[in-house]
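**Q** Counting the sequence shown from 1 gives a position; this note's numbering is that position plus 121.
Idealized CB from N, CA, C, for every residue including glycine.
Below is one structure. I have some questions about it.
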Amino acid sequence: RQRQMCIRDRAKRLVSGCESYARDNKLAPLSMAVYDAAGNIKLFLRQDGAKLLSADFAHIKGRTAAVSGLATSELAAIEYENKDKPLGIGYIDGVTIVQGGVAVASASGQHLGGFGVSGAPAVDDEACGVAGIEEMLGK
Numbered sequence: 122r123q124r125q126m127c128i129r130d131r132a133k134r135l136v137s138g139c140e141s142y143a144r145d146n147k148l149a150p151l152s153m154a155v156y157d158a159a160g161n162i163k164l165f166l167r168q169d170g171a172k173l174l175s176a177d178f179a180h181i182k183g184r185t186a187a188v189s190g191l192a193t194s195e196l197a198a199i200e201y202e203n204k205d206k207p208l209g210i211g212y213i214d215g216v217t218i219v220q221g222g223v224a225v226a227s228a229s230g231q232h233l234g235g236f237g238v239s240g241a242p243a244v245d246d247e248a249c250g251v252a253g254i255e256e257m258l259g260k
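Structure below.
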């Protein structure tokens, strides 16, 4: 029970940090999805006015980062390291290389899961995710 409270608290702090970043940078309404390291949804929030499709993107970005342990932008870099022969990562069911999913780790470096953000330009989605991690870690 204590562990569940910690997971819930961390998820809420991820979302709070992202929302603060979005507000400070005047971003469009967002959808945010937090997953544990096994790919199980822990928290989802779709802000009022967020586009419906942003919910689907937030989920796939968050789950991809959770199960891979990498940001979706990192997977994109791996995918296109050889531009003539991409690996096909984006063709795996339930995986995306669209920027906006970030892997979440504890202060000690333990992989905890993934955080997916969608609704703003992809670079801002990822920045929101990073801001959430910073708030979760108390930075």
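In terms of residues, what are the limits of the beta strand (DSSP E) holding Asp157?
**A** On the sequence shown, position 36 is the one that residue 157 refers to. 152-157 is the extent of the beta strand (DSSP E) around Asp157.
**Q** Nearest CA to the CA of His180: which residue from Asp157, Tyr201, Ser227?
**A** The count along the sequence shown starts at 1 and reaches residue 180 at position 59. When each option's Cα is compared against that of His180, the closest is Asp157.
**Q** Suppose the cutoff is 7 Å on Cβ atoms and the five residues either side in sequence are ignored; what does the same chain contact list for Ala186 look like?
**A** Here residue 186 refers to the residue found at position 65 when the sequence shown is read from its first residue. Within the same chain, Ala186 has close Cβ partners Ala192, Thr193, Gly222, Val223, Ala224, Gly235, Phe236, Gly237.
**Q** In angstroms with no decimal places, state the Cα-to-Cα distance between Arg167 and Lys204.
**A** Working through the sequence shown from its first residue, we reach residue 167 at position 46. Working through the sequence shown from its first residue, we reach residue 204 at position 83. In a straight line, the C-alpha of Arg167 is about 35 Å away from that of Lys204.
**Q** Let me know the secondary structure DSSP gives Ser239 once reduced to three states.
**A** Within the sequence shown, residue 239 is the residue found at index 118, counting from 1. Strand at Ser239.
**Q** For Glu195 and Gly211, I'd like the C-alpha separation in whole angstroms.
**A** As a working mapping, residue 195 is identified with position 74 in the sequence shown. As a working mapping, residue 211 is identified with position 90 in the sequence shown. If I take the Cα positions, the gap works out to 12 Å.
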